[in-house]
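In our numbering, the protein residues as written are 117 to 356.
If you want it as structure tokens, here you go:
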């Protein structure tokens, strides 16, 4: 678990630092975001949702949790302006309250996705895969990139931005540690958590697709990148 904690933490830190050297709006950033969205969407479809429904005694109840998670993520984006799906929303004058709302919403989201990696999940008794971890890392990199781009002013990494980046980086490891060692959730509660977070993943990944296609224009490059993300997700799920 220690290795997973380090991977989660440093993926966020590296994503934030990448904003210093990678131009915003570049084709590479856009395609990386599409790849990550496709990977996350694919893992949700082929890993999390089959896990949830194959073990559920009441699948319709868990379907409600997926729906709740979808709209809860939409609520969080009221405070984050879409930072968690790589959208850098530049504010000339962010107030203290708006920064607090942004950080709290991002930490809630990251905490929940970190909790998914607990080995107490009944599904881990049947199937062990690192695809979910890879999907979370790929999602966390552009989120941290957008977070730094949104918060920093005059192209400087202020101490406040560093503190916020670190808080974001520790949220997922904290969710993992609490779910692993402190929160003793029943199997039904864990499945409900998986369903809830998967709804958020569906919202994030589909939003990435919509935002990457202005005026619903079909782009062959976007299609190829999306398809590649899905293929890599399948290989990660069934090979690793």
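Ideal Cβ placement from N, Cα and C applies to all residues, glycine included.
Quick one: grab the DSSP three-state call for residue i.
i	result
residue 272	strand
residue 202	coil
residue 234	coil
residue 243	Confidence is the limiting factor: at residue 243 the pLDDT is only 49, short of 50, which leaves the residue's position unreliable and the question unanswerable from this model.
residue 335	coil
residue 221	helix
residue 136	coil
residue 172	coil
residue 148	helix
residue 197	coil
residue 158	helix
residue 214	helix
residue 342	helix
residue 127	helix
residue 350	helix
residue 226	helix
Is the CB of residue i under 8 Å away from at least one CB in chain D?
i	result
residue 256	You won't find chain D in this structure, because it holds only one protein chain.
Determine the closest residue to residue i out of the options, with distance taken between C-alpha atoms.
i	options	result
residue 312	258, 160, 262 and 277	160
residue 125	166, 212, 281 and 136	281
residue 171	225, 252 and 308	308
residue 349	289, 279, 164 and 181	164
residue 366	253, 132, 121 and 146	What is shown of the chain runs 117 to 356, which leaves residue 366 out entirely.
residue 290	323, 306, 227 and 302	227
residue 261	137, 177 and 166	137
residue 129	166, 304, 253 and 192	253
residue 306	178, 133 and 142	178
residue 323	149, 134, 355 and 279	149
residue 166	310, 288 and 337	310
residue 251	276, 303, 229 and 284	229
residue 355	246, 274 and 278	246
residue 288	257, 303 and 304	257
residue 135	342, 263 and 176	263
To which residues of the same chain is residue i closer than 6 Å at the C-beta, ignoring the five residues directly before and after it?
i	result
residue 321	153, 156 and 157
residue 255	152 and 156
residue 317	156 and 160
residue 268	277
residue 133	none
residue 175	169
Spatial neighbours of residue i within its chain, please: C-beta separation below 7 Å, excluding the five flanking residues on both sides.
i	result
residue 173	none
residue 200	222, 225, 259 and 320
residue 192	221, 224 and 225
residue 120	233, 249 and 292
Quick check on the burial criterion: 16 or more other C-beta atoms within 10 angstroms. Buried or exposed for residue i?
i	result
residue 352	buried
residue 144	exposed
residue 213	exposed
residue 216	exposed
residue 340	exposed
residue 122	exposed
residue 347	exposed
residue 337	exposed
residue 284	buried
residue 127	buried
residue 326	exposed
residue 131	buried
residue 342	buried
Which residues in the same chain as residue i place their Cβ atom closer than 8 Å to its Cβ, once the five residues preceding and following it in sequence are excluded?
i	result
residue 248	159, 163, 164, 232 and 233
residue 344	151 and 154
residue 315	181, 182, 183, 184, 185, 186, 187, 188 and 189
residue 272	none
Consider the C-beta atom of residue i and the heavy atoms of the ligand SAM; say whether any pair is separated by less than 7 Å.
i	result
residue 201	This structure lacks the ligand SAM; in fact it carries no ligand of any kind.
**4 or more residues per run - each alpha helix (DSSP H) lying fully within the segment 282 to 327** = Within the segment 282 to 327, the runs of alpha helix (DSSP H) at least 4 residues long that lie entirely inside it are, in chain order, 303 to 327.
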